[in-house]
């Protein structure tokens, strides 16, 4: 079923209930006291849920309605502008098998391995057999990127897109959405593909994890995609339920990050750009390469931008709450910008040609983030390597682990 404000059927008399001294949201299952707000109006006392407020209000006075799940077979084919290699085809076949046999599957693949494209055969099988499919991710940028790839590959399919700022809705039989949108679905999808399963906030939110299961039919298949699984995730899957891809789709090795030890903060305080950092950026631009610079915190963006703008003109910055985020990413793609400074919001789901990746204050980042960030470089066949520069004040275990992981992937030892 799909919960809907003007649905045909009554699901619950109210969206929020109060039992045994605690509130529960019947849409998203939230029970956290801090995530409810109570007030009084002409109707009396009212409490609503803050956890899922972005999807419309769920409160203690208003019923929840739903519409029935639709199911029908499509007759679709996907097109690819490249042929899957042997390793990719094996993973693709495993996904189809998991869907056919109602199993879950973990695809552990290096960044740039073509994870999205590897799912296409499974999606085609599912839709042509009348199975409802959702392709979800915790990150909006990833959702946008996936949607663009899917509409390009499945030209004749009707694909719904659901996230906070945009909705393209038909019958919800083939849906691309953020994980939060699954709050509105109950036993609706037969196949749910979760990209970047390790990403915030999904990795730290048990309620979101449970929503994926609730949105899935009891015999459905959950296909999890990640380049940086944690130990708990790996432990949850047997060897027969895990497929590993150690090479990128173009066959090239991962770029080995170069670690440069510099006290960047020292020169920033003097409103100057570190000379070594400037030399590296200048070299990238001279070679007609784009520069994507990651900083660990939003508060660092403005002072860093002030210093950079003294030296460079085609530059901008972006962060999670930036209303122009989508436009700035497009400007980077169409050569309006040479340099884009960002928080970790762009560590996943974006691809640029001829890109060099920089991290300042790399000592602040954990290994999973550094692996994702490094994975932005060398994603295109026309530029399969790229450069990754990690500027750090001192060495850390995360920096060492990142280089070790890249080395292991490149040797095929993962």
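Numbering (full-length UniProt numbering), first residue to last: 1 to 414.
Every residue, glycine too, gets a C-beta built ideally from N, C-alpha and C.
Residue i versus residue j: straight-line alpha-carbon distance, rounded
i	j	result
residue 288	residue 78	34 Å
residue 331	residue 145	15 Å
residue 212	residue 96	20 Å
residue 368	residue 264	23 Å
residue 8	residue 160	21 Å
residue 315	residue 309	7 Å
residue 275	residue 394	18 Å
residue 273	residue 390	16 Å
residue 249	residue 388	19 Å
residue 56	residue 15	11 Å
residue 351	residue 411	25 Å
residue 155	residue 120	12 Å
residue 306	residue 220	51 Å
Spatial neighbours of residue i in its chain, beta-carbon cut-off 7 Å, leaving aside the 5 residues before and after
i	result
residue 2	66, 67, 69, 172, 184, 185 and 188
Contact set for residue i: own chain, Cβ-Cβ below 8 Å, skip 5 residues either direction
i	result
residue 229	106, 108, 197 and 198
Exposure label - residue i; buried when at least 16 CB within 10 Å
i	result
residue 300	buried
residue 408	exposed
residue 63	exposed
residue 335	exposed
residue 345	buried
residue 429	As displayed, the chain neither begins before 1 nor continues past 414, which places residue 429 out of reach and without an answer.
residue 327	exposed
residue 291	buried
residue 19	exposed
residue 280	buried
Nearest residue (CA-CA) to residue i, options the options
i	options	result
residue 386	392, 396, 395 and 375	375
residue 237	411, 73 and 223	223
residue 81	380, 391 and 412	380
residue 417	30, 243, 157 and 255	Residue 417 is absent from the structure shown; the chain starts at 1 and stops at 414.
residue 340	362, 325, 317 and 352	317
residue 71	174, 342 and 311	174
residue 357	371, 305 and 75	371
residue 244	190, 115, 286 and 169	115
residue 4	27, 21 and 396	27
residue 85	25, 130, 117 and 351	117
Cβ neighbours of residue i in the same chain (closer than 6 Å, five flanking residues each side left out)
i	result
residue 181	162
residue 30	49 and 51
residue 135	146, 176 and 193
residue 24	17 and 31
residue 190	131, 132, 217 and 220
Any chain E beta carbon closer than 8 Å to residue i
i	result
residue 161	Of the chains in the structure shown, none is chain E; there is only one protein chain.
Every unbroken alpha helix (DSSP H) inside the UniProt domain "Helicase C-terminal" (276–414) [4 residues or more]: You should have 301–311, 325–333, 367–374 and 397–411.
Which full runs of the beta strand (DSSP E) of 3+ residues lie inside the segment 215–255, going along the chain? Fully enclosed beta strand (DSSP E) runs of no fewer than 3 residues occupy 216–226 and 242–245 of the segment 215–255, in order along the chain.
ask   = Which full runs of the beta strand (DSSP E) of 3+ residues lie inside the segment 93–128, going along the chain?
value = Secondary structure in the segment 93–128: the beta strand (DSSP E) runs of 3 residues or longer, each lying completely within the stretch, are 105–109 in chain order.
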